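Worksheet for the structure shown next.
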Amino acid sequence: MKEEYSNQNTFLSMIDMDLIRQGLLHAIQDLVFILKVIDNETFQYMYVNKIGMDYARLSEECYGKTFAEVLPKDIAGILQRQYAKVVREAKAHTFCDVVNLPKGEIHYESSLNPVCDEEGICQFVICITRDITAQIEEKTEIEEKQMLFKSLLEYNNDSIISIDSIGRVTYANPATYEIFGYRYEELNNKFIFEFINKEYEKDFQIIFKGSMQGKAKQIVSKKYVHKEGYELYISLRTIPIIVNGEIVGIYIVTRDVTRQVLNEMRTEYLAYYDQLTGLMNRISCTNKLNTFLNESVNFALVFIDLDEFHRINDTFGHKEGDKVLQKVTECLSNLKIEDMHLFREHDDQFVMLIENIT
Numbered sequence: 001m002k003e004e005y006s007n008q009n010t011f012l013s014m015i016d017m018d019l020i021r022q023g024l025l026h027a028i029q030d031l032v033f034i035l036k037v038i039d040n041e042t043f044q045y046m047y048v049n050k051i052g053m054d055y056a057r058l059s060e061e062c063y064g065k066t067f068a069e070v071l072p073k074d075i076a077g078i079l080q081r082q083y084a085k086v087v088r089e090a091k092a093h094t095f096c097d098v099v100n101l102p103k104g105e106i107h108y109e110s111s112l113n114p115v116c117d118e119e120g121i122c123q124f125v126i127c128i129t130r131d132i133t134a135q136i137e138e139k140t141e142i143e144e145k146q147m148l149f150k151s152l153l154e155y156n157n158d159s160i161i162s163i164d165s166i167g168r169v170t171y172a173n174p175a176t177y178e179i180f181g182y183r184y185e186e187l188n189n190k191f192i193f194e195f196i197n198k199e200y201e202k203d204f205q206i207i208f209k210g211s212m213q214g215k216a217k218q219i220v221s222k223k224y225v226h227k228e229g230y231e232l233y234i235s236l237r238t239i240p241i242i243v244n245g246e247i248v249g250i251y252i253v254t255r256d257v258t259r260q261v262l263n264e265m266r267t268e269y270l271a272y273y274d275q276l277t278g279l280m281n282r283i284s285c286t287n288k289l290n291t292f293l294n295e296s297v298n299f300a301l302v303f304i305d306l307d308e309f310h311r312i313n314d315t316f317g318h319k320e321g322d323k324v325l326q327k328v329t330e331c332l333s334n335l336k337i338e339d340m341h342l343f344r345e346h347d348d349q350f351v352m353l354i355e356n357i358t
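All letters in the sequence shown, in the order written, are residues 1 to 358 by UniProt numbering.
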């Protein structure tokens, strides 16, 4: 058998090539159209496979006829221009078209290929048309998801920075500038560690390593120095970037929580400090006493009361009385007593707790 078919020409001579070609053309799932070039502007159908016949609503009666003779005028005009371009340029050409059906749009891509003789004159044009609706829909879906994702990044009030597996910045959204003062151009391709406060660098290294192992991490209410030099409070969380099952980087999502932290600090101050004198108040005094008692701390308690203080208020008014209380506070605060805690208990009453008294 090997010797019998060792010569390719011998083998080819034993089969009906026309039959093979015919079978292949009908087996192809793409639409196949072969047109004879009569002149540069006239084309006649020579062959159309079955699926092509069904798509174009043609029959074998189309053979030997032109576009204008078998197709609607608008479609014939489009094809005429596309085929003429192939003949004129003597090179392959691709174009797309859309067919509107009751079930929706069908997208087709047609590849026109010139077949030229030895003198370079185009004799035939072979058109392979395929349904690319699935690819178009997939591409459209991907583009829509990309636009949605871009909107999520670009219009997010939180700073979103992406870094690669070694910590280089690959993306920073506009909010990064609003929060930190750095534009993407200033951050791009630089190591994120250059922009981390030194006091938090070790903590961030731990978070970075944990995130690269697939663990989302978070830092809450930490101070950060803005590019312009002022301090703000931020909350930060990291999210691993996973591509094809592999962690290739990290998203760093940061929120400016300065207002929230300051409000919390103000609330805490109002709850535990006296607004007039700035000393800790009765609640703070009670908490400190409980701590000392629970931890068996040796301490002394000094209760200070200003006798007849109400006479100052009655005679000179509360504003002058407040000045006296502030002056008393200043005097008591200037006492050089080690481990002393000073409180304003109520009105003209003060409490002094001194630790480690034996």
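Just so it is clear, CB atoms sit at the ideal spot from N, CA and C, and this is done for glycine as well. If you're wondering where the values come from, they're calculated on a predicted model, not measured in any experiment.
Opposing strand residues paired with residue i [DSSP bridges]
i	result
Gly249	Asp164, Ile241
Asp305	Gln349
Phe43	Val37
Val125	Leu35, Pro114
Arg266	DSSP lists no partner for Arg266.
Ser235	Arg255
Ser159	Thr254
Ile207	None, per the DSSP bridge assignment.
Ile354	Ala300, Met340
Tyr63	Tyr45
8 Å Cβ shell around residue i - same chain, five flanking residues per side excluded
i	result
Met1	Low local confidence applies: a pLDDT of 42 at Met1 is under 50, so the model's placement there is unreliable, with the coordinate-based value given in what follows. Taken in chain order, the list of residues that qualify is empty.
Asn9	Residue confidence for Asn9 is low, a pLDDT of 49 falling below 50, so the modelled location carries little weight and cannot support an answer.
Gly181	His226, Lys227, Glu228
Leu276	Asp322, Leu325, Gln326, Arg344
Asn113	Val86, Ala92, Val125, Ile126, Cys127, Ile128
Ile242	Gly214, Val248
Met212	Ser165, Pro240, Ile247, Ile250
Helix, strand or coil at residue i [DSSP, three-state]
i	result
Gln218	strand
residue 367	Because the chain here runs from 1 to 358, residue 367 falls outside it and cannot be looked at.
Leu79	helix
Gln213	coil
Tyr177	helix
Ile106	strand
Val257	coil
Leu31	strand
Ala92	coil
Glu150	It is worth fixing the name first, because residue 150 is Lys in this sequence and not Glu. Helix, per DSSP.
Ser284	helix
Arg311	helix
residue 360	This structure does not reach residue 360, given that the chain is present from 1 up to 358, and the question cannot be answered.
Ile132	coil
Ile192	helix
Asp54	helix
Lys297	Note that residue 297 corresponds to Val in the displayed sequence, not to Lys. The answer is coil: DSSP assigns Val297 none of H, G, I, E or B.
Leu342	strand
Thr291	helix
residue 369	Absent from the structure is residue 369, since the part of the chain shown begins at 1 and ends at 358.
Thr170	strand
Sequence-distant residues of the same chain with beta carbon closer than 6 Å to residue i, five excluded per side
i	result
Leu31	Ile51, Gly52, Tyr55, Thr129
Ser111	Thr94, Ile128
Leu79	Phe67
Gln349	Asp305
residue 403	The question about residue 403 has no answer, for the chain in this structure spans 1 to 358.
Leu332	Leu342
Phe195	none
Any non-hydrogen atom of the ligand ZN within 7 Å of residue i CB
i	result
Lys36	Absent from the structure shown: the ligand ZN. Ligands present: none.
Beta carbon of residue i nearer than 8 Å to that of residue j
i	j	result
Leu301	Leu353	yes
Arg81	Asn40	no
Thr254	Ile179	yes
Leu342	Leu279	yes
Tyr83	Val125	yes
Tyr233	Lys222	yes
Asn157	Ala175	yes
Gly167	Ile192	yes
Asn356	Asp339	yes
Ile28	Tyr47	no
Tyr155	Ala172	no
Phe303	Val351	yes
Ala76	Cys116	no
Phe299	Phe309	no
Neighbour flag for residue i against chain C, beta carbons, 8 Å
i	result
Gln205	The chain labelled as chain C is not found in the depicted structure, where only one protein chain is given.
Contact set for residue i: own chain, Cβ-Cβ below 7 Å, skip 5 residues either direction
i	result
Asn188	Val169
Tyr272	Met280, Asn281, Ile283, Ser284
Arg237	Ala216, Lys217, Gln218, Val253
Val37	Phe43, Val87, Cys122, Gln123, Phe124, Val125
Ile20	Any reading at Ile20 must be qualified, since the residue scores a pLDDT of 44, below 50, and its modelled position is unreliable; no value is offered.
Ile132	His107, Tyr108, Glu109
Glu320	Ile312
Three-pair Cβ contact test at 8 Å for the stretch 277-294 versus the stretch 244-263: no
Cβ pair count under 8 Å reaching 3, the stretch 161-168 against the stretch 62-73: no
Stretch pair the stretch 140-156 + the stretch 217-229: three plus CB contacts closer than 8 Å: no
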